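**Q** Once you've had a glance at the structure underneath, I'll fire off some questions.
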Amino acid sequence: MILIISLVFILLASFFLQTGVFSMIPYFTSPNLLLVCTFTVAILRGQDTGMLFGAATGLLLDLTGGGVFGFYGMIYMYIGYGCGLLNQHISIDTPFVPFFVCMGCEVIYHFYIFLFRFVLRGRLGLPVYFQDIILPELVISTVFALFIYGLLHYLNDRLEAYEERRALIA
Amino acid sequence: MKKKIRIVVKIKYILILLTIFMLSFVIYSYTKGDGIGTIKSAALYIVSPVRNAYSSIIKRREERKERGATAQELQAQIDALKAENEALKLKVEYYRADEYELDELRTLMELKDKYAEYDMTGATVIAKSSDGWISEFTIDKGSRDGIKVDMNVLAGSGLCGIVTQVSENSSVVSTIIEDDMNVSAVSSATRDMCIVSGDLELMSEGYIRIMHISIDAKMAEYERIITSSTSSKYLPGILIGYACDITDDPNGLTRSGHLIPAVDFAHMENVLVITRTKKDIYR
Chain S
5 MILIISLVFI LLASFFLQTG VFSMIPYFTS PNLLLVCTFT VAILRGQDTG MLFGAATGLL
65 LDLTGGGVFG FYGMIYMYIG YGCGLLNQHI SIDTPFVPFF VCMGCEVIYH FYIFLFRFVL
125 RGRLGLPVYF QDIILPELVI STVFALFIYG LLHYLNDRLE AYEERRALIA
Chain F
34 MKKKIRIVVK IKYILILLTI FMLSFVIYSY TKGDGIGTIK SAALYIVSPV RNAYSSIIKR
94 REERKERGAT AQELQAQIDA LKAENEALKL KVEYYRADEY ELDELRTLME LKDKYAEYDM
154 TGATVIAKSS DGWISEFTID KGSRDGIKVD MNVLAGSGLC GIVTQVSENS SVVSTIIEDD
214 MNVSAVSSAT RDMCIVSGDL ELMSEGYIRI MHISIDAKMA EYERIITSST SSKYLPGILI
274 GYACDITDDP NGLTRSGHLI PAVDFAHMEN VLVITRTKKD IYR
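So the protein lines, in turn, are chains S and F. So the first sequence is numbered by our numbering: it starts at 5 and just counts up by one. So the second sequence is numbered by our numbering: it starts at 34 and just counts up by one.
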């Protein structure tokens, strides 16, 4: 229960920060906090939580934007699912995990948008898009990812300790 | 003894199920257009008050800054405004003289109601799109204030976008620099038809694309480009920007070039919404 409440809180907080606060600052590229939170939750809590968190994130973006419904839902869900796989194979304390995973996810995410929103309409200016959109967002998201991963890792440790205590009492 | 029944579903199957669910949504909303408009506007309605909070905090802080100004600063400001007011008064006198002439000419050409002044309402931008690929923003006015889908949105003196999604307390605006937006336009002096089309590639240089200009158009460099009356959604006569770098296309039939938009899309805080759609006016 606590897990669900905190996940909803993380989702809403990063959504409002990303669309309402950071994106309103002129000449500042907004970090993709929702993406960072999605893969962090997936790595920390596993595949099923990651997948559902990703799907919820994407659908929230779809609901509040004007584009095709389900477009973001799909990519966020798959990123949550894919990063959840890492949970079984690597320790969450491995150094540089958020660094490399963030870069990987950003590249996949942007390539997905480029493919379905631009290539299909015959717009192929990938070098310009990379320089203007992908690279700035990748850099700033990675910086934010280091902090968010640390914060959520700490919260996750606290939550697990709490769950263990409750299991002992019960 | 009662045994708790636990249904164990493999995560893979949930993933496949959700994928099918979302794919069907994608196909549905792609073909139907606004098939799920009501759910979307409900979601917008819920998230808007929180988004509103941040922009109102910023506004309040600016107000406080203004209130904290010293008497000397305020006096200087008043003097500057007085001088400006005098200059503007003089200008108005000039314009008034022109206006009579204009009215006369318009009645002569029976253009009167076509270029009637549009009623507008101001709105504040409360959120922008989540990444750099899309340039949408959300404003703090919705159907409660009479906003409808397809209303034109201006910022400063130029066309900025069109309302695409409306909820009760907020609405989403797609800007004309968005990659899949097209506006049919006309040059103000020579009346040459053209299409203004958003292009993400050119946006970094501060331009939008302008194309399908006839090869024998007499459009001059830096000529004002305004919305054309042939457009199905945009009201005629709104400034879009200034044409430049116009060159002949390889096909030898059309010309194309760049357009400097009249709106500064990076600094949009307040916008104006024209409260009548083209359909309302020309029904």
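Glycine included, C-beta positions come from ideal geometry on N, C-alpha and C. Computed from a predicted model, the values in this text were never measured in an experiment.
Counting Cβ pairs closer than 8 angstroms, one from the segment 162-171 of chain F and one from the segment 21-32 of chain S, do we hit at least three?
**A** Yes, the segment 162-171 of chain F touches the segment 21-32 of chain S.
**Q** Step through the CB atoms of chain F and report whether any lies within less than 9 angstroms of the CB of residue 27 of chain S.
**A** Cβ-Cβ to chain F under 9 angstroms: yes for residue 27 of chain S.
**Q** Are any of the Cβ atoms in chain F nearer than 9 angstroms to that of residue 121 of chain S?
**A** Residue 121 of chain S counts as touching chain F.
**Q** How would you write the range of the beta strand (DSSP E) that residue 218 of chain F sits in, first residue to last?
**A** Element bounds for residue 218 of chain F: 215-220.
**Q** What is the DSSP secondary structure of residue 268 of chain F, reduced to helix, strand or coil?
**A** Residue 268 of chain F: coil per DSSP, three-state reduction.
**Q** Taking DSSP's pairing of strands, which residues face residue 161 of chain F in a bridge?
**A** BP columns for residue 161 of chain F point to F:170.
**Q** For residue 174 of chain F, is the classification buried or exposed, using 16 other Cβ atoms within 10 angstroms of its Cβ as the cut-off for buried?
**A** When all chains shown are included, residue 174 of chain F counts as buried.
**Q** Can you tell me where the alpha helix (DSSP H) holding residue 21 of chain S begins and where it ends?
**A** Residue 21 of chain S -> no alpha helix (DSSP H), and no H or E assigned at all.
**Q** Which residues, in chain order, does the segment 58-88 of chain S contribute to contact with chain F at a C-beta distance below 9 angstroms?
**A** So the list reads 59, 62, 63, 64, 65, 66, 67, 68, 69, 70, 71, 72, 73, 74, 75, 76, 77, 78, 81, 82, 85, 88, given in the order they occur along the chain.
**Q** Give, in chain order, every unbroken run of the beta strand (DSSP E) that is at least 3 residues long and sits entirely within the segment 176-226 of chain F.
**A** Segments of the beta strand (DSSP E) lying fully in the segment 176-226 of chain F: 185-188, 191-199, 204-208, 215-220.
**Q** Check the Cβ of residue 197 of chain F against every Cβ in chain S and list those closer than 7 angstroms, keeping chain order.
**A** Residues of chain S passing the Cβ test: 70.
**Q** Whole angstroms are fine: how far does the CA of residue 279 of chain F sit from the CA of residue 138 of chain S?
**A** Approximately 30 angstroms, taken between the alpha carbons.
**Q** Around the C-beta of residue 345 of chain F, are 16 or more other C-beta atoms found within 10 angstroms, so that it is buried, or is it exposed?
**A** Coverage of chain F is limited to positions 34 through 316, which leaves residue 345 of chain F absent and any answer about it impossible.
**Q** I'd like the list of long-range same chain contacts for residue 167 of chain F, defined as Cβ closer than 7 angstroms, with 5 residues on each side in sequence excluded.
**A** 211, listed in sequence order.
**Q** Quick one: list the residues of chain F neighbouring residue 116 of chain S, beta-carbon separation under 8 angstroms, in chain order.
**A** The premise fails here: residue 116 of chain S is roughly 10 angstroms from chain F at the closest Cβ pair, so nothing lies under 8 angstroms.
**Q** Grouping DSSP H, G and I as helix and E and B as strand, with all else coil, what is residue 247 of chain F?
**A** Residue 247 of chain F falls in the strand class under three-state DSSP.
**Q** Would you be able to state if there are at least three C-beta pairs under 8 angstroms between the segment 34-44 of chain S and the segment 101-114 of chain S?
**A** The segment 101-114 of chain S, when compared against the segment 34-44 of chain S, does touch it at the 8 angstroms Cβ threshold.
**Q** Do you know whose CA, among S:118, S:169, S:49, S:48, lies nearest residue 79 of chain S's CA?
**A** Of S:118, S:169, S:49, S:48, the residue nearest in Cα terms is S:118.
**Q** For residue 303 of chain F, which of helix, strand or coil comes out of DSSP?
**A** Strand, per DSSP.
**Q** Tell me which same chain residues have a C-beta within less than 7 angstroms of the C-beta of residue 65 of chain F, skipping the five on either side of it?
**A** So the list is empty, once near-sequence residues are dropped.
**Q** Between the segment 249-264 of chain F and the segment 208-224 of chain F, do three or more beta carbon pairs fall short of 8 angstroms?
**A** Touching, per the Cβ criterion.
**Q** Does the beta carbon of residue 55 of chain F come closer than 9 angstroms to any beta carbon on chain S?
**A** Answer yes: the Cβ-Cβ gap between residue 55 of chain F and chain S drops below 9 angstroms somewhere.
**Q** With the cut-off set at 9 angstroms, would you say residue 123 of chain S and residue 63 of chain F are in Cβ contact?
**A** The answer is no: Cβ separation not under 9 angstroms.
**Q** Take residue 109 of chain F and list the residues in its own chain whose beta-carbon comes closer than 8 angstroms to its own, dropping the five residues that flank it on each side.
**A** So no residue of the chain qualifies.
**Q** Counting only runs that start and end within the segment 85-129 of chain F, where is the alpha helix (DSSP H) found for 4 or more residues in a row?
**A** Complete alpha helix (DSSP H) runs here, min 4: none at all.
**Q** Are the C-beta atoms of residue 91 of chain S and some chain F residue less than 9 angstroms apart?
**A** Chain F contact via Cβ: absent.
**Q** Looking only at its chain, what residues have a beta carbon closer than 7 angstroms to the beta carbon of residue 73 of chain F, apart from the 5 residues adjacent to it on each side?
**A** Excluding sequence neighbours, residue 73 of chain F sits near 198.
**Q** Roughly how many angstroms separate the alpha carbons of residue 94 of chain S and residue 54 of chain S, rounded to a whole number?
**A** Whole-angstrom Cα-Cα distance: 16 angstroms.
**Q** So what's residue 294 of chain F in DSSP terms, helix, strand or just coil?
**A** Reduced to three states, the DSSP call for residue 294 of chain F is strand.
**Q** Quick one: which chain S residues come within Cβ less than 7 angstroms of residue 69 of chain F?
**A** Per Cβ cutoff of 7 angstroms: 73.
**Q** Measure the alpha-carbon distance for residue 42 of chain F versus residue 274 of chain F and round it to whole angstroms.
**A** Residue 42 of chain F and residue 274 of chain F: Cα-Cα distance of roughly 57 angstroms.
**Q** Using 9 angstroms as the threshold, is the C-beta distance between residue 61 of chain S and residue 77 of chain F below it?
**A** Cβ distance not < 9 angstroms, so residue 61 of chain S and residue 77 of chain F don't count as in contact.
**Q** Tell me which residues share the same chain as residue 113 of chain S and place their Cβ nearer than 8 angstroms to its Cβ, disregarding the 5 neighbours each side in the sequence.
**A** Answer for residue 113 of chain S: 36, 39, 79, 83, listed in chain order.
**Q** Using 9 angstroms as the threshold, is the C-beta distance between residue 20 of chain S and residue 80 of chain F below it?
**A** Against a cut-off of 9 angstroms, the Cβ pair of residue 80 of chain F and residue 20 of chain S comes out as a contact.
**Q** Within 10 Å of its beta-carbon, does residue 283 of chain F have 16 or more other beta-carbons around it, so buried, or fewer, so exposed?
**A** Exposed.
**Q** Distance check for residue 110 of chain S and residue 158 of chain S, CA to CA, integer angstroms please.
**A** So the two alpha carbons sit approximately 24 angstroms from each other.
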